[in-house]
Amino acid sequence: MRFLFLILLFPMFSIAQSRLDSILSVPYDAMVADLPTSLALLSEGMELASAQNDSLGLAQLHSKLGTVTFLMGDHEKSLTHTISAIELYEALGMHAKAGGSYCGIGYQIKRRDLNKGIEYMRQGLKLLEQHPDSAELEAGYSNFGVLKEMKGELDSAKFYYNRSYAIVLAKKDSVAIPYSLHHLGGVELMQKNYREAKRLFDEGLLIRTLRNDRNGMAESNIFLGEFFKEVGKVDSAKYHFNSAINLSKELGNRYMRQYCYEQLAQMYEANGNGPEALRYYKLFNAEKDTLLETQRTEQLAEMETRFETEKKEKENLILKQETQEQQLVVSRQRAWIFGLIGLAATIIFLGLFLLQRNRRMAEAKRDAAIIEERERGLRSIIQATEDERKRIAKDLHDGIVQSLTGLSLRMQKQAKSEKAKESGLDEELNSTRSILNESIAEVRGISHQMMPRVLSEMGLIPAIADMLEKSLGLTDVAYEFEHHNIGESRFTESIEISLYRICQELINNIIKHSGAKAVSVQLLKTKTHLVLVVEDNGKGFEWNDPNSRNGIGLMNINSRAQAIHGEVNYEPSPQQGTVATIRVPLG
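Below, the structure written as structure tokens:
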């Protein structure tokens, strides 16, 4: 029985942890989009984290609850949660997270004690700036700008808003970018830069509308309402404030709704429209009273819950003492056990499925990383080899060839001298000079084979044509070279060198091994690829011979193709011999 209990208990812990992880992973914009639901989920998460003694989870939940309760207008609870988050983060040594919570307290108390709020913000930013990669840093800068704006220090506010904006722009954070745009727009509005303020507000609203960020759209409409209120366009201001009110009703954000009613009341009062001002003041006060009433109702509900819990516990104790209820309890326990067994089996199956899927995904990522690393290594080796070829070819051509050419000219001069003719050395010098000239030609040929100048100066087509002429022109092998849709196009150095070397290797293999009498080379460009086709009428390729497949020449071809993300394919020729096709992506 104890063993069965342990089997059932393990899946229950796994379920609880998965549920807690799901609650903690809800993004900010989704969390603020439905505040009542978020409050219920986070409260559930508190119970799960407490049961597992998860200090980090509790800290994160307290921090999120601080945000949600603040937006719902319960500032006391918000402050309590945020202080709890700080204590837990500091106990865990997570100073950056603690810094973010200090900034949260400063932002929450800004209307009650602005100077104290600024002190908390500075304390939090000091911790956050020690961890510049912290996700909370941009929010800290942004919120500190709000406090500076409230203090009337607009240039300082703009400075911190821009620091926050730079961070979120670099991250391409579409959730945070509109916050920065609206804060900067608010400063421009206070500085009477109306056109720039309107542009920033409109840009923020557009981003949030494209993301369907309901909470963000409500906030954007409030900013635009304030803008039109400032410039005296009453109808436009009313439209945007009412849009924000409608969205706040969907979100359950009473604080936002209360603020809009207050702004509308002030606007109509300033414009001398007493009835409308009175109507909105009544709505504002009613919403304010509702917030207070909600807090009182929640306190009463909490007391009622405690009372009902105690009452049920007493009733359960009495039921346990009564023998006539024992059979009912046993049947319920059996039902629970069978239900848990079924649930455990389902969870185990699902867990094994997810584990296997994650393992396959991890293996795929690891294989991709290995392939990428291997290709990067191949590219480095090939690049180093080509660089060394260039250096040696240059040294041969500009050094040894030049020196030997000078020596040949000197021998020619000596052979023509009267002294050489009289002594009979002129013929010997001319013979030696002829041998020397053959050596010069051979060294020059080696230099051009290592790095043909025609490839770097004129491109792939002339280089391949030159290579075919030098390799096959003096043999009894007939060849043809065709190219399509290329013209005078040039490609990246790595593609040109790799395709040239691949073609060179294929031609060498044909000469050495195939016994071919005819060779056809085609080079063509499609919209996405550069394709090289080399066909011969030789004795063909032994497909089932591993020694042939693993030859050095074919391995070099495959390595060079992989380095430029190309594909190599060998097929029997329709007549006789082999067709080699190399496809290289141009993107």
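If you use my numbering, the sequence shown corresponds to residues 1 to 587, in order.
Backbone N, C-alpha and C define an ideal beta-carbon position, used for all residues, glycine too.
Asked	Found
Nearest-angstrom Cβ-Cβ length linking residue 41 and residue 23, presumed shorter than 8 Å	5 Å
Residues near residue 315 in its chain [Cβ-Cβ closer than 8 Å; skip 5 each side]	Because the pLDDT at residue 315 is just 49, under 50, the model does not fix this residue reliably, and the value given afterwards should be weighed accordingly. For residue 315, where only same-chain residues beyond five positions count, there are no Cβ hits under 8 Å.
Cβ-Cβ separation, residue 48 to residue 72 (assumed contact under 8 Å), whole Å	With a Cβ gap of about 22 Å, residue 72 and residue 48 do not count as contacting.
Residue 327 (DSSP reduced to helix, strand or coil)	helix
Length of the line joining the Cα atoms of residue 102 and residue 56	17 Å
Same chain only: Cβ atoms within 8 Å of residue 160, ignoring 5 sequence neighbours per side	141, 142, 144, 145, 148
Extent of the continuous beta strand (DSSP E) to which residue 529 belongs	529-536
Residue 82: first and last residue of the uninterrupted alpha helix (DSSP H) it sits in	75-91
Supposed close pair residue 108, residue 78 - CB separation, criterion 8 Å	6 Å
One or two residues paired with residue 209 in a DSSP bridge	DSSP lists no partner for residue 209.
Span of the alpha helix (DSSP H), counted from its first residue to its last, around residue 223	214-231
Where residue 525 falls: helix, strand or coil (DSSP)	strand
Euclidean distance between Cα positions of residue 503 and residue 467	9 Å
Cross-strand partners of residue 583 (DSSP beta bridge)	531, 567
Burial state of residue 487, where buried means 16 or more other Cβ atoms lie within 10 Å	exposed
Local Cβ density within 10 Å of residue 134, reported as buried at 16 or more and exposed below that	buried
Close beta carbons around residue 220, own chain, < 7 Å, minus the five adjacent residues each side	178, 182, 201, 204, 205, 208
Pairwise C-alpha distance: residue 94 and residue 131	10 Å
Cα-Cα separation between residue 605 and residue 226, rounded to whole angstroms	In the structure displayed, the chain extends from 1 to 587; residue 605 sits before or after that span and is not available.
Opening and closing residue of the alpha helix (DSSP H) in which residue 49 lies	35-51
Cβ-Cβ distance between residue 250 and residue 214 below 8 Å	yes
Strand pairing of residue 519, partner residues [DSSP]	479, 536
Rounded straight-line distance, which links the Cα of residue 158 to that of residue 272	34 Å
Alpha-carbon spacing of residue 357 relative to residue 239, whole angstroms	51 Å
Residue 223 versus 237, 212, 15, 128, residue with shortest Cα-Cα distance	237
Backbone CA spacing between residue 558 and residue 568 [nearest angstrom]	7 Å
Beta bridge counterpart(s) of residue 484 as assigned by DSSP	524
Nearest candidate by alpha-carbon position, reference residue 552, set 509, 527, 536	509
Contact check, residue 499 vs residue 532, beta carbons under 8 Å	yes
Range covered by the alpha helix (DSSP H) that runs through residue 144	137-150
Residue 69 in three-state terms, based on DSSP	helix
Unbroken alpha helix (DSSP H) run spanning residue 460, endpoints	460-472
Close beta carbons around residue 197, own chain, < 7 Å, minus the five adjacent residues each side	185, 188, 189, 227
Same chain, Cβ closer than 8 Å to residue 128, neighbours up to 5 away in sequence not counted	96, 99, 100, 103, 134, 136, 137, 140
Length of the line joining the Cα atoms of residue 52 and residue 69	24 Å
Residue span of the alpha helix (DSSP H) that contains residue 241, given as start and end	234-251
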